[in-house]
Amino acid sequence: MILDAFKMPPRTAIQIADRVIATLSNMPKGSKIDILMLTTLLCFNEEDSKQFQRIISDDFSYKDKNDKEKGITGYIENRFSHYKSDFEMHFNPQIDHPKFDVVQRPFRENNYPEGTYLIPFLNYLQDLCSIYTSAYDGSMIKFSLLGTSGIEGTKYQRAQAELYEKQQRRGKYDIEKPFSEGALWLETLYYQGCFYDVTLSKYADYVELASALDWIDGDTSSDNA
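Residue numbers 1362 to 1586, in this note's numbering, belong to the letters of the sequence shown in order.
Quick look at the structure:
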């Protein structure tokens, strides 16, 4: 799916897939890494290495037609606005995240069912790039919940609040289309699992490692020829 979004030629797509596999094979057990994010960054690097360096920098800038700063999420939206595909992930929310900590309503029951959740590719990239480019330090932000504005909490609590609000509006026993909340669940579980600890700088190291492993593998193949 990611390779399709970048319109990578078949040969290049195979090479990138091989780099991902080689990188994972050389990582310590228990390492935290998002395979989709790694694949995306490898594609950016393959497509334009200079743009890749700008993307992983701390001061990436992108402005729209009105010269308004949109940052990485705006760039992603413009870059992939044509690509409407979704991907699927299996979640078991009641096991993975039994209760919601939603500030003014702490430890509320989670009624989301186990199943395959849909995640729009564009939403995935925007949400995760936003997490990686704005360091998560547990600081407080303001958001709304069930009509109450000005609530203070962490980004992790905001994500939980959005899921809880959608659940309450849907009704406890009316679970129509719950599987459309895949992007929000992925974001929530990212915060819960502290995946934000793996910074874009660290992913850049993984991209460099993948390229080195690809070169070593190619050099070995030449020696054996």
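Positions of the beta carbon are idealized from the N, C-alpha and C atoms, including for glycine. Since the structure is predicted, the reported quantities are computational estimates derived from the model, not experimental observations.
Coil, strand or helix - P1389 by DSSP
The residue you call residue 1389 lines up with position 28 of the sequence shown. P1389 falls in the coil class under three-state DSSP.
Beta-carbon proximity check, K1431 vs Y1444, cutoff 7 Å
Along the sequence shown, read from residue 1 onward, the residue named residue 1431 stands at position 70. Along the sequence shown, read from residue 1 onward, the residue named residue 1444 stands at position 83. In this structure, the beta-carbon distance from K1431 to Y1444 does not fall below 7 Å.
Rounded straight-line distance, which links the Cα of N1484 to that of K1393
Walking along the sequence shown from the start, residue 1393 turns up at place 32. Walking along the sequence shown from the start, residue 1484 turns up at place 123. N1484 has its alpha-carbon roughly 21 Å from the corresponding atom of K1393.
Could you tell me which whole alpha helix (DSSP H) segments of length 4 or greater appear in the stretch 1395–1439?
1396–1408, 1410–1416
Classify P1481 as helix, strand or coil using the three-state DSSP reduction.
For the purposes of this step, residue 1481 is identified with residue 120 of the sequence shown, where counting begins at 1. Strand at P1481.
In chain order, what residues of the same chain have a beta carbon less than 8 Å from the beta carbon of E1449, not counting five sequence neighbours either side?
Translated into the one-based positions of the sequence shown, residue 1449 becomes position 88. If you ignore the 5 residues before and after E1449, its C-beta comes within less than 8 Å of the C-beta of T1477, Y1478, L1479, I1480, G1543, all in its own chain and listed in chain order.
Whose C-alpha, out of G1554, Y1552, F1461, Q1518, is nearest the C-alpha of Q1529?
Stepping through the sequence shown from its first residue, residue 1529 is reached at position 168. Cα-wise, what sits closest to Q1529 is F1461.
Judging by CA-CA distance, which residue of L1399, D1447, S1491, A1520 is the nearest neighbour of S1541?
Within the sequence shown, residue 1541 is the residue found at index 180, counting from 1. Nearest option by C-alpha distance: D1447.
Suppose the cutoff is 8 Å on Cβ atoms and the five residues either side in sequence are ignored; what does the same chain contact list for Q1553 look like?
To locate residue 1553, count along the sequence shown from 1; it is residue 192. So the list reads D1457, H1458, Y1517, once near-sequence residues are dropped.
Could you check if M1398 is buried or exposed, using at least 16 other CB atoms within 10 Å of its CB as the buried criterion?
What you label residue 1398 is simply residue 37 of the sequence shown in a count that begins at 1. That one is buried.
Kindly indicate the opening and closing residues of the alpha helix (DSSP H) around K1460.
Along the sequence shown, one-based indexing puts residue 1460 at 99. First-last for K1460: 1460–1463, but that is the beta strand (DSSP E), not the alpha helix (DSSP H).
Which first and last residues belong to the beta strand (DSSP E) in which D1447 is found?
What you label residue 1447 is simply residue 86 of the sequence shown in a count that begins at 1. Note, D1447: beta strand (DSSP E), 1447–1452.
Counted within 10 angstroms of its Cβ, other Cβ atoms place F1405 as buried (16 or more) or exposed:
Within the sequence shown, numbered from 1, the residue matching residue 1405 stands at position 44. Under this definition F1405 is a buried residue.
Thinking C-alpha only, which one of V1381, A1383, D1395 is nearest L1547?
Mapped onto the sequence shown, residue 1547 falls at position 186. Ranking V1381, A1383, D1395 by Cα distance to L1547 puts D1395 first.
Once the 5 residues before and after C1490 are set aside, which same chain residues still bring their CB inside 7 Å of it?
Along the sequence shown, one-based indexing puts residue 1490 at 129. Only I1433, T1434, I1437 meet the Cβ criterion.
Answer yes or no: do P1454 and N1471 have a C-beta to C-beta separation smaller than 7 Å?
Along the sequence shown, read from residue 1 onward, the residue named residue 1454 stands at position 93. Along the sequence shown, read from residue 1 onward, the residue named residue 1471 stands at position 110. Yes, the pair counts as a contact, with Cβ atoms nearer than the cut-off.
Measure the Cβ-Cβ separation of Y1557 and I1492 and say whether it is below 7 Å.
By one-based count along the sequence shown, residue 1557 stands at place 196. By one-based count along the sequence shown, residue 1492 stands at place 131. For Y1557 and I1492, yes; Cβs fall inside 7 Å.
Can you say whether P1370 is buried or exposed, counting buried as having 16 or more other CB atoms within 10 angstroms of its CB?
Taking the first residue of the sequence shown as position 1, residue 1370 is located at position 9. Burial call: exposed.
Would you check if the distance between the CB atom of L1403 and the CB atom of I1375 is smaller than 7 Å?
Taking the first residue of the sequence shown as position 1, residue 1403 is located at position 42. Taking the first residue of the sequence shown as position 1, residue 1375 is located at position 14. Their beta carbons are not under 7 Å apart, which means L1403 does not touch I1375 by this criterion.
Taking the straight line between their C-alpha atoms, what separation do you get for P1389 and D1566?
Numbered from its first residue, the sequence shown carries residue 1389 at position 28. Numbered from its first residue, the sequence shown carries residue 1566 at position 205. Using only the alpha carbons, I get a separation of about 14 Å.
Going by DSSP, what residue range makes up the alpha helix (DSSP H) through G1543?
The residue you call residue 1543 lines up with position 182 of the sequence shown. Note, G1543: alpha helix (DSSP H), 1543–1553.
Starting from Y1525, trace the alpha helix (DSSP H) both ways and give me its first and last residue.
Looking up residue 1525 in the sequence shown gives position 164. Start and end: 1516–1531.
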